[in-house]
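What follows is a set of notes on a single structure, which appears directly below.
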Amino acid sequence: MEYKVKIDSFEGPLDLLLHLIGQLEIDIYDIPVSEITNQYLLYVNTMQQLELDVASEYLVMAATLIAMKSRSLLPDHSEEEEDFVEEEDPREELARRLMEYKKYKEAAGRLHELEEERTKLFSRPPADQLFGSNEEGPLNVSLFDMLGAFQKMTRRKKLAVPPRATVRREELSVEKRMNLLKEKLRLSKEPIRFDDLFDSHERDELVVSFLAILELMKQNEIVVSQKGNFADLYVAAGGNQT
Amino acid sequence: MKHESIIESLLFAAGDEGLTAGQIAEVMELTVQEVQHILQSMERTFKQDEMRGTVVTSFGDEYRMMTKGENAAFIQRLAEKPSPKTLSQAALETLAIIAYNQPVTRIEVEEIRGVKTERPIATLCARGLIEEAGRADAPGRPILYATTNEFLDAFQLKSITDLPPLEESDGAMQQEADLFFGRFEEALED
Amino acid sequence: MKHESIIESLLFAAGDEGLTAGQIAEVMELTVQEVQHILQSMERTFKQDEMRGTVVTSFGDEYRMMTKGENAAFIQRLAEKPSPKTLSQAALETLAIIAYNQPVTRIEVEEIRGVKTERPIATLCARGLIEEAGRADAPGRPILYATTNEFLDAFQLKSITDLPPLEESDGAMQQEADLFFGRFEEALED
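These protein sequences, in sequence, are chains W, R and G.
Per the numbering used here, the first sequence runs over residues 1 to 242.
Per the numbering used here, the second sequence runs over residues 1 to 190.
Per the numbering used here, the third sequence runs over residues 1 to 190.
Below is the structure:
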């Protein structure tokens, strides 16, 4: 049998059943139990073979379907009785559940459309001058208020900040930095902690400073000392005093 | 009229915090009815005015100024971050069930969906779309959930009664069912 | 013309940061001259239009939307009215950012919110919901903020780990499902 599966995730056994019913082009109120059970079990077995975590709800539904199927296959020996003992067709109960679920699945789709529309509207943060000075009295807010406020903020659009007229930092050179470091160490009577030689945390500044220190060490312009493993490094002017 | 100008200034300043007609009325020394009337006319004129890039919208009892939907693409282009993720199917189904049946317990939601719904409920709470609304008068006193103002905002609804009507199964389908029934019997006999 | 509408949307959404004609031109695929021309005409028409409550003004090369000066008194009055909420939107946003990212500096909060956050932080400190929690290891050694026990009390949380997760974490599940149905299809084809 030619059978195309839509690659999709199902929201549970009811969703899977609705999908199968759609595939087989059958009616919810008239489910061919045998066919649907076979198809359903095929899915669930495949899920198990692939060692996917099959939610227990899928197995419960499988059991229900098997029970319905075996009942429908039993020889109908109660033809006379049927007139007065009107038993509910289990398929009706299943159809009712499927219809109920379908109703909300469709409503979810409409909510999604509204949600998409809403993402097209943007607001702006409240003006700073409106920021209340009268936030006094007993605190009467819940966690939900806080989360709601946070969501509101995430929907606001943060636009790219315009390029500010920034003062260009002087081009850094290792040589310049070496001179600055030497001057700094000369003025300091005591050795300076290695970390404190880096007065900027900008990436390129760090690199230049580090290269400058290495170069100074190589030239014996500075002495680096350490009291023990993992202790702070100290840098002092000296070494090459000639 | 000058009133529109003042209200626009107030709404602009309030930003996404929004204002109620009552707050505006107090500041302007007008009646709430007068303010509501002006706001309603502003909702219409802003929308229609092609030159304008903003609209006045309301949800719950709050009014807000927002950008026009048709200009969204341009704003997106300028935006630093992509839009926040929309809700998953599981979360949307759960939200729909809660919205139409509130207040409702988790168990009731699970009965309709046929699957565990702890995670979608946690997600919706975290998104501020639903909140706890007391306890059900049932064994174990389970938590009841209801939608929030944030829900109205996120789906652009003025109130819960603004929700699109739930479509009940229609008669046409029932007929179809009857038609199929006969064929099903035949099929079983094979 | 539609251009005005788009530019108004952009300026509105940009908030107090404003936009340069160059930024607008890029987004709208117009020349800077064309945009400047439209902006200049908007500066005039907004000012003259009695119905409008906002104006377009330029600071250096930045354009901004602002409320009309003549309505300032009403905004002032709105600011002085006691807010119906005990914590403003701004304070709640700030609190959420601190709660989920603590310890965190003011600059980091401002980066997320996109607006100055001095006053909300002062309010939250005054209310005892946040406190200073050391200094960041960054230039200027800025103050770090964290939530307090009072925060846990006020929001009825046992600990910070009790905060609901912000993100829907079902990405992994989705992948698993896709994988499954991919393989399922293969299995069927055999």
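Ideal placement from N, C-alpha and C gives every residue a C-beta, glycine not left out.
Proximity of residue i and residue j at Cβ, strictly below 7 Å
| i | j | result |
| --- | --- | --- |
| residue 114 of chain G | residue 62 of chain G | no |
| residue 67 of chain R | residue 12 of chain G | yes |
| residue 103 of chain R | residue 133 of chain R | yes |
| residue 147 of chain R | residue 121 of chain R | no |
| residue 112 of chain W | residue 92 of chain R | yes |
| residue 51 of chain G | residue 4 of chain R | yes |
| residue 97 of chain R | residue 100 of chain W | no |
| residue 208 of chain W | residue 222 of chain W | no |
| residue 126 of chain R | residue 147 of chain W | yes |
| residue 231 of chain W | residue 174 of chain W | no |
| residue 61 of chain W | residue 13 of chain W | yes |
| residue 74 of chain G | residue 6 of chain R | yes |
| residue 149 of chain W | residue 89 of chain G | yes |
| residue 16 of chain W | residue 10 of chain W | yes |
| residue 136 of chain R | residue 144 of chain R | yes |
| residue 181 of chain W | residue 237 of chain W | no |
| residue 21 of chain G | residue 36 of chain G | yes |
| residue 151 of chain W | residue 69 of chain R | no |
| residue 280 of chain W | residue 156 of chain W | What is shown of chain W runs 1 to 242, which leaves residue 280 of chain W out entirely. |
| residue 74 of chain W | residue 40 of chain W | no |
| residue 154 of chain G | residue 139 of chain W | yes |
| residue 233 of chain W | residue 194 of chain W | yes |
| residue 95 of chain W | residue 26 of chain W | no |
Assumed close pair residue i, residue j - CB separation to whole angstroms, cut-off 8 Å
| i | j | result |
| --- | --- | --- |
| residue 221 of chain R | residue 8 of chain G | Because chain R is modelled from 1 through 190, residue 221 of chain R falls outside the range shown and cannot be assessed. |
| residue 123 of chain R | residue 106 of chain R | Actually they are not in contact, since the Cβ atoms of residue 123 of chain R and residue 106 of chain R sit about 13 Å apart, beyond 8 Å. |
| residue 69 of chain W | residue 37 of chain W | 4 Å |
| residue 126 of chain W | residue 15 of chain R | 4 Å |
| residue 130 of chain W | residue 178 of chain W | The Cβ separation is near 53 Å, so there is no contact. |
| residue 44 of chain R | residue 27 of chain G | So it is not a contact: roughly 28 Å between Cβ atoms. |
| residue 94 of chain R | residue 115 of chain W | Going by Cβ atoms, the distance from residue 94 of chain R to residue 115 of chain W rounds to 14 Å, so no, they are not a contact pair. |
| residue 159 of chain G | residue 166 of chain G | About 17 Å separates the two Cβ atoms, so there is no contact after all. |
| residue 119 of chain G | residue 128 of chain W | 7 Å |
| residue 42 of chain W | residue 35 of chain W | The Cβ separation is near 11 Å, so there is no contact. |
| residue 108 of chain R | residue 101 of chain R | 7 Å |
In DSSP terms, what residue i is bridged to
| i | result |
| --- | --- |
| residue 19 of chain G | G:63 |
| residue 56 of chain G | G:65 |
| residue 105 of chain G | G:144 |
Extent of the continuous alpha helix (DSSP H) run through residue i
| i | result |
| --- | --- |
| residue 98 of chain W | 90-118 |
| residue 138 of chain G | Where residue 138 of chain G is concerned, there is no enclosing alpha helix (DSSP H), given that its DSSP letter is neither H nor E. |
| residue 48 of chain R | 32-48 |
| residue 4 of chain G | 2-14 |
| residue 118 of chain R | 118-126 |
| residue 60 of chain W | 56-73 |
Where the beta strand (DSSP E) containing residue i begins and where it ends
| i | result |
| --- | --- |
| residue 233 of chain W | 233-237 |
| residue 145 of chain R | 143-147 |
| residue 131 of chain R | 130-135 |
heavy atom of the ligand NAP below 6 Å from residue i C-beta
| i | result |
| --- | --- |
| residue 3 of chain R | With respect to the ligand NAP, the structure offers nothing, as it holds no ligand at all. |
*Go through the region 180-229 of chain W residue by residue and report every complete run of the alpha helix (DSSP H) that reaches 4 residues or more, in order.*
203-218
_Which runs of the alpha helix (DSSP H) at least 4 residues long sit entirely within the region 9-42 of chain W? Give them in chain order._
Residue ranges of uninterrupted alpha helix (DSSP H) with 4 or more members, entirely inside the region 9-42 of chain W and ordered along the chain, are 13-23.
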